[in-house]
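Participant: Quick note: the sequence shown uses my numbering, first residue 3, plus one each step. Don't be surprised by glycine CBs; every beta carbon is placed ideally from N, CA and C.
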Amino acid sequence: THLGGEDFDNALVDFVVQQFKKKTGLDPTSSPRAMRRAHTACERAKRVLSTAPSATVELDSFFEGHDLATVVTRAKFESLNEAMFKGCIDTVKRVLKDAACEPAGVDDVVLVGGSTRIP
Numbered sequence: 003t004h005l006g007g008e009d010f011d012n013a014l015v016d017f018v019v020q021q022f023k024k025k026t027g028l029d030p031t032s033s034p035r036a037m038r039r040a041h042t043a044c045e046r047a048k049r050v051l052s053t054a055p056s057a058t059v060e061l062d063s064f065f066e067g068h069d070l071a072t073v074v075t076r077a078k079f080e081s082l083n084e085a086m087f088k089g090c091i092d093t094v095k096r097v098l099k100d101a102a103c104e105p106a107g108v109d110d111v112v113l114v115g116g117s118t119r120i121p
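#1: In its own chain, which residues sit with a C-beta less than 6 Å from the C-beta of glutamate 60, not counting the 5 before and 5 after it?
#2: Use the C-beta contact count for proline 105: other C-beta atoms within 10 angstroms, 16 or more gives buried, fewer gives exposed.
#3: Counting only the same chain and skipping the five closest in sequence on each side, list residues whose C-beta sits under 8 Å from that of valine 108.
#4: Which same chain residues, not among the five before or five after cysteine 44, have their C-beta less than 7 Å away from its C-beta?
#5: What's the call for threonine 3, buried or exposed, on a 16-neighbour Cβ count within 10 Å?
#6: For arginine 46 versus phenylalanine 64, is the C-beta distance shorter than 8 Å?
#7: For glycine 89 and lysine 95, I'd like the C-alpha separation in whole angstroms.
Printed below as a string of structure tokens:
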């Protein structure tokens, strides 16, 4: 299985776009430029959330002259990605079962990639 930072970015983009739609009634998903800008801003916010309790996703003239401004807390980020986090646990359990190994038999776990900084 593959789970990476882009999966977390996409969940955050979906949330931010929903907030924008709710505030303005406009749907920016038809604009590749707006979505690219949202993705970049959400990736930056995700990195901030690795060390701070909240981050602001802010884009001037995001779509049709409307600005985008949303504060995302670490708790909200975690809730948006909860299913993916739980999926990681399920994967680890399956690996342990396939290896006929108990959790107590694991001495070290090596995490790789930028997502390892998610608290």
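Facilitator: In short:
#1: Within the same chain, glutamate 60 has close Cβ partners Ala71.
#2: With fewer than 16 other Cβ atoms within 10 Å, it is exposed.
#3: By the criterion of a C-beta distance shorter than 8 Å, valine 108 is surrounded in its chain by Leu98, once the five residues flanking it on both sides are discounted.
#4: Taken in chain order, the residues that qualify are Asp11, Leu14, Val15, Val18 and Val59.
#5: Residue placement at threonine 3 is flagged as unreliable, the pLDDT there being 49, under the threshold of 50; the coordinate-derived value follows with that caveat. Exposed, because fewer than 16 other Cβ atoms sit within 10 Å of the Cβ of threonine 3.
#6: Against a cut-off of 8 Å, the Cβ pair of phenylalanine 64 and arginine 46 comes out as no contact.
#7: Those two C-alpha atoms are separated by around 10 Å.
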